[in-house]
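Trainee: First the structure, which I've put down as structure tokens, then a few questions once you've had a look.
Numbering (my numbering), first residue to last: 155 to 294.
Structure, rendered in structure tokens:
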């Protein structure tokens with residue numbers, strides 16, 4: 155049982171085990187861990203009220219408690235886990251049918267969808283890291 159755990163864990167995060175997927179997934183995990191680290195390191199130095207909402211120009215239009223930073227981290231991690239589960243699901247491949255092959259699943263389009271979701275997961279993790287860092291910098 156324990157011998158299968160590391161393999162199953164790796165398979166969960168890297169379903170295709172391709173270099174692109176591994177780089178993007180590792181980057182996403184690194185962004186989430188960096189987000190956690192900067193929140194932990196700066197939490198005590200932050201004022202009680204920090205910016206919690208920005209308008210389109212980047213100007214603060216709402217303030218809230220500094221514990222709201224944890225919400226950014228949890229939402230980022232939740233989206234990462236949800237997209238990881240979605241990348242694992244087999245319905246991505248079943249939804250693409252090749253009309254030339256009597257409606258057999260089209261693995262090429264399924265793979266493209268998986269890659270798109272992996273890139274999306276990377277970008278979302280990066281955006282949440284930038285928002286957290288920007289909020290901390292403005293607060294000080």
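Each residue gets a CB set at the ideal place from its N, CA and C atoms; glycine is no exception.
How big is the Cα-Cα spacing for residue 209 and residue 203?
Mentor: Sequence index remark: in the chain shown, residue 209 carries index 55 (1-based). Sequence index remark: in the chain shown, residue 203 carries index 49 (1-based). So the two alpha carbons sit approximately 18 Å from each other.
Trainee: In whole angstroms, what separates the C-alpha of residue 236 from that of residue 230?
Mentor: Looking up residue 236 in the chain shown gives position 82. Looking up residue 230 in the chain shown gives position 76. So the alpha carbons of these two residues sit roughly 10 Å apart.
Trainee: Within the same chain, show all residues whose beta-carbon is closer than 7 Å to that of residue 225, passing over the 5 residues directly before and after it, in chain order.
Mentor: Counting from one through the chain shown, the residue named residue 225 turns up at place 71. Contacts found: none.
Trainee: Work out the CA separation of residue 222 and residue 268 for me, nearest whole Å.
Mentor: Position 114 of the chain shown, counting from 1, holds the residue named residue 268. Position 68 of the chain shown, counting from 1, holds the residue named residue 222. Whole-angstrom Cα-Cα distance: 32 Å.
Trainee: Spatial neighbours of residue 206 within its chain, please: C-beta separation below 7 Å, excluding the five flanking residues on both sides.
Mentor: Working through the chain shown from its first residue, we reach residue 206 at position 52. 216, 217, 218 and 222.
Trainee: Return the CA-CA distance between residue 199 and residue 193, expressed in angstroms with no decimal places.
Mentor: Residue numbering aside, residue 199 sits at position 45 when the chain shown is read from its first letter. Residue numbering aside, residue 193 sits at position 39 when the chain shown is read from its first letter. The alpha-carbon atoms of residue 199 and residue 193 are separated by roughly 10 Å.
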